[in-house]
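The sequence shown: position 304 = 669 (our numbering), numbered continuously. Virtual Cβ for every residue (Gly too), placed ideally from N, Cα, C. Reviewing the structure listed below.
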Amino acid sequence: MSKGEHVGALKKLIMEDTIKGYKSIKKSAMILYHYLDDTQKGNIDYLKSIEYYTLNDFMFLDYQTRKNLEITENIRKGTRENTLLSILDKTRTAMGGRLLKKWLEQPLLNKEEILWRQSIISYLKNDLFLTDSLGKHLKDIYDIERILGKISYGNGNGRDLLALKNSLVSIEVIKKELMEKAFKPLVEVVEALGNPISLVELLENSINEEALLTVKDGSLIKEGYHKEGAELRTITKESKSLVLKLEADEKKRTGIKSMKIGYNRVFGYYIEVIKSNVHLVPDNYIIKQTIANGERYISEPLKELEYKIIHADEKLKQLEYEIFLGIREQVLSQTVSLKNLPIILQLLIVF
Numbered sequence: 366m367s368k369g370e371h372v373g374a375l376k377k378l379i380m381e382d383t384i385k386g387y388k389s390i391k392k393s394a395m396i397l398y399h400y401l402d403d404t405q406k407g408n409i410d411y412l413k414s415i416e417y418y419t420l421n422d423f424m425f426l427d428y429q430t431r432k433n434l435e436i437t438e439n440i441r442k443g444t445r446e447n448t449l450l451s452i453l454d455k456t457r458t459a460m461g462g463r464l465l466k467k468w469l470e471q472p473l474l475n476k477e478e479i480l481w482r483q484s485i486i487s488y489l490k491n492d493l494f495l496t497d498s499l500g501k502h503l504k505d506i507y508d509i510e511r512i513l514g515k516i517s518y519g520n521g522n523g524r525d526l527l528a529l530k531n532s533l534v535s536i537e538v539i540k541k542e543l544m545e546k547a548f549k550p551l552v553e554v555v556e557a558l559g560n561p562i563s564l565v566e567l568l569e570n571s572i573n574e575e576a577l578l579t580v581k582d583g584s585l586i587k588e589g590y591h592k593e594g595a596e597l598r599t600i601t602k603e604s605k606s607l608v609l610k611l612e613a614d615e616k617k618r619t620g621i622k623s624m625k626i627g628y629n630r631v632f633g634y635y636i637e638v639i640k641s642n643v644h645l646v647p648d649n650y651i652i653k654q655t656i657a658n659g660e661r662y663i664s665e666p667l668k669e670l671e672y673k674i675i676h677a678d679e680k681l682k683q684l685e686y687e688i689f690l691g692i693r694e695q696v697l698s699q700t701v702s703l704k705n706l707p708i709i710l711q712l713l714i715v716f
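What follows is the structure, encoded as structure tokens:
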């Protein structure tokens, strides 16, 4: 996509957003987009939304003020030791820790927002069973914010999608527990989490639980998810039995009982015959290599089988990669609806 098209898409996004009419914001967004387009040297179509805030939302504390107050870093060493953050931070995840740090650096000014936070804190403080249960389930949730970032940028692998799926499963348990309490502020949190069931089902049915870190070496997609993949996987799994069958057929046809079919990375598959049986080798065998105790040959049926086995493995890896990209694209299409998940989860984690 060209820069012109990028800007056109951004213009459309800005005009459709709630910032319509704010010329200074539009101009700033355009400048920022140009900067990203020039510096990232890649596809930035993952930028699917624009968020803005005003300084009226929170108290603005400059760096020197935060440092003097030792909110998130101390004056002497510049670390978080003996700071307000170090005292208050009882969060169990990286997401929660990041949000708490942001809250301390940007104290709220809106009375309703302050009371809303306090109401949830008070409720959870008085329901230790719920707090303990939430804590256990929240520990099973991965850093969704980082995962979605990787997926958006096209770097997410199979394990990232599994982590996302497992996190969404835990979120469903959390949602159920919170809804049962019927406490309005918590119900509002649950409703904001959305309903990613279809995404869970997609990832559950498609991504192999033993997925590798790489995305081009196979073992990404579950068996049975794709028909062609199942056929190719059968060939690769049964390669040994196919070779043994050809070996048995050739022994019977030639009368060379001691022959064997082997494989190495240099020559591929070969038929090995010891010296004492070389005179029994049929005319359709082509000599490939002479070894100390005999000869190694290839034949047309063996070449065909080799091609079938080797290319089945290569095709399977390529097919799985293409399927994976399609699944990742489906996840990417839902990143806008999922983008609030990290924020809402951070709220729960901080509380």
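Candidates the options: closest to residue i by CA position
| i | options | result |
| --- | --- | --- |
| V563 | G659, T419, G583 and V534 | A small fix is needed here, since residue 563 is Ser in this sequence, not Val. The option with the nearest alpha carbon to S563 is V534. |
| A613 | Y488, Y628, I636 and V631 | I636 |
| K467 | S498, S487 and F423 | F423 |
| V608 | G500, H502, S664 and N475 | S664 |
| Y428 | K455, G443 and I415 | G443 |
| E615 | T700, S606, K587 and P647 | P647 |
| F548 | N491, G523 and T404 | N491 |
| D582 | G523, L499, G620 and E556 | G523 |
| N642 | L474, L397 and K625 | K625 |
| G462 | Y418, D508 and W481 | D508 |
| T700 | F425, G521 and I390 | G521 |
| L645 | Y672, K617, Q654 and A657 | K617 |
| N421 | N433, L474, S517 and H399 | L474 |
| A657 | Y650, N649, Y672 and K640 | K640 |
| L690 | G500, V580 and K388 | V580 |
| T619 | I692, Y650 and S517 | Y650 |
| S604 | H676, K622 and V565 | H676 |
| P561 | Y518, L401, Q483 and Q695 | Q695 |
| Y518 | T655, L401, D454 and Y672 | L401 |
Residue i and residue j closer than 8 angstroms at C-beta
| i | j | result |
| --- | --- | --- |
| S584 | L577 | yes |
| L611 | L697 | no |
| I674 | Y662 | no |
| E569 | K530 | yes |
| E537 | L495 | no |
| I586 | I688 | yes |
| I539 | H502 | yes |
| M544 | V552 | yes |
| L526 | E574 | no |
| R431 | E470 | yes |
| L465 | T456 | yes |
| E685 | G559 | no |
| G659 | V638 | yes |
| L513 | L703 | yes |
| L449 | I440 | no |
| M460 | E416 | no |
| Y628 | L667 | no |
| P550 | I485 | yes |
| S487 | I506 | no |
Counterpart residues of residue i in DSSP-defined beta bridges
| i | result |
| --- | --- |
| I636 | I626 and Y662 |
| I652 | Y662 |
| I572 | I586 |
| L513 | None; L513 has no bridge partner. |
| L717 | Any answer about residue 717 is impossible in this case: the structure gives the chain only from 366 up to 716. |
N-terminal and C-terminal residue of the alpha helix (DSSP H) that residue i is part of
| i | result |
| --- | --- |
| K530 | G523 to K546 |
| Q497 | According to the sequence provided, residue 497 is Asp. The question's Gln does not apply to it. From DSSP, the alpha helix (DSSP H) with D497 extends over L493 to L503. |
| R463 | A459 to E470 |
| D614 | S604 to T619 |
| L420 | Careful: L420 lies outside any alpha helix (DSSP H) and carries neither H nor E. |
| S451 | L449 to L453 |
| T356 | In this structure the chain extends from 366 to 716, so residue 356 is not present and cannot be described. |
| P550 | K549 to L558 |
Quiz item: Looking at C-beta atoms only, is the number of pairs between the stretch 674-691 and the stretch 586-598 that lie closer than 8 angstroms three or more?
Solution: With the cut-off at 8 angstroms, the stretch 674-691 and the stretch 586-598 touch.
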